[in-house]
Structure formats: structure tokens, C-alpha cells
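Data block below; observations after.
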Amino acid sequence: MSKKRASPDQNATTATKPVSTRARTASFKAPASSKKPPAAAKTTPPKKAAKPLTPFQKWSSGVGALDQFLAFILEGGHMADFCRQNEFAYTTMLDWVNADSSRAEMYARAREDRADKLADEIVSISDECEYQPVTDMSGNTVALVFDKTAVARNKLRVDARKWSASKLKPRVYGDKVQVEGTVDHKVMSDDALLQRLAKLGVSVASIVPVGPTEGGDAG
2 MSKKRASPDQ NATTATKPVS TRARTASFKA PASSKKPPAA AKTTPPKKAA KPLTPFQKWS
62 SGVGALDQFL AFILEGGHMA DFCRQNEFAY TTMLDWVNAD SSRAEMYARA REDRADKLAD
122 EIVSISDECE YQPVTDMSGN TVALVFDKTA VARNKLRVDA RKWSASKLKP RVYGDKVQVE
182 GTVDHKVMSD DALLQRLAKL GVSVASIVPV GPTEGGDAG
């Protein structure tokens, strides 16, 4: 019997092995995506809470702070009392005043003008050294007589104000009057002095003592 030869197409089909689905998947590469992945959202750290203002910072940032302070000084107050009432540090207030030359000048002027108010207070206290008219509950005016202790206390108040006024405005309330001026002292030579005396008709021999001559006293 003769064997049938396979056709070329049959041989090609027989020689080609089937490719599995897994192999096809492994050899296939997906095209690179042109889209970039979304960027991670930036997280901002929480803001720190602002420090609360100090009593001095609140006061100094307000309108009319300097005018309020100067009015307090003019009324007879002191910087220490002002700081105590407003809960300031005395050194902080002093540095604030001296930080500005015009501010320091106005403060010095207010202290000087305070002496006038002290002088008015001296007169008022002196008038009440012995008695003071007051009004009672019925509306009647009566005289309030002070005892010796009250009079002595008022005298101390007067003396304290006199001392303060003399230091704040010494030209007006000081114990000594300050005289300002210059004196020009010119030194005159001996020859010029003799000529001046001669013009005035003064004999030099009459005012210049004559000592003993050499060899002992004459006569």
C-alpha cells in the first residue's frame, strides 16, 4: 500500500504549536499612561495662638494714651501711682517715656507745671488749719474745728508740698533766687593801674608804705 503524503499546509499546521492564553498575557505590555498621579495634598501646620497683650501694650496702643498720662501728672499724680493703678511695670513706663525725646520733654513740663497745683493746695490747706465750714444733714453751715493733731498733720502736708514745689520749679518756688548772668573780670597791669591812679590825682607814695632803708632805721 502506498502512503499518502501530507500537504504543505497540513505540515505547517502540525508544526505550529498553540500559544496559551497565559503566555499571551505575559508578553503583552500595556501602554504607559500619560496622566500623572494626583499630587498629595499639602497639610499646613496649625497656626500658633497669638500671645495676649500685656496691660501696658493695650494701654500704649490706645488713642490718647499720652494725654491721659500727662493729665494724671498735672493733677498731682506720680508715675509710680499711675503704673500701680494700671498694673504696669515702673521700668517699662519709664523706658517708654524716655524712648521719645518729645515725649520726655512733655513729661518734664507736666512735672514742672504740677508745682503750680501744689502751690494752690498749700493755700487751701493753710485756710483749713483751724476750722473749715461744712454743711450738716439739715443744710445748716457749721464750723468744723480741728484739734492739734489735725493742725500738725496739715502743717506737714503744707511742708511736703512746699518742698516738692521748690524742687519741681525752683525758679518760682525755691528758697533761693537764682540769678543768671556773667561777670567780666579784667586784669589790669601795674603800669596801667599807676596811670589810672595818676589821672585821678592819687599820689602813689601816699598809699604805698615805705620800708626801712638798708643799714637800719633812719634817725
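For the sequence shown, the numbering used here begins at 2 and goes up steadily by one. Each residue gets a CB set at the ideal place from its N, CA and C atoms; glycine is no exception. Predicted model only: the values in this text are computed from it and were never measured.
Residue pairing by DSSP puts Thr142 in a beta bridge opposite Thr136. Judged by DSSP secondary structure, Ala51 falls outside any alpha helix (DSSP H); it is assigned neither H nor E. DSSP places Glu113 in the uninterrupted alpha helix (DSSP H) bounded by 102-128. Pro171 and Thr92 have their C-alpha atoms spaced approximately 27 Å apart. Here Trp60 has Ala66, Asn87 as same chain residues with Cβ atoms under 7 Å from its own Cβ, once five neighbours each way along the sequence are excluded. In the structure shown, the three-state DSSP call for Phe89 is coil. An exposed status is given to Ala199, since fewer than 16 other beta-carbon atoms sit within 10 Å of its beta-carbon. Ala72 and Ser102 have their C-alpha atoms spaced approximately 19 Å apart.
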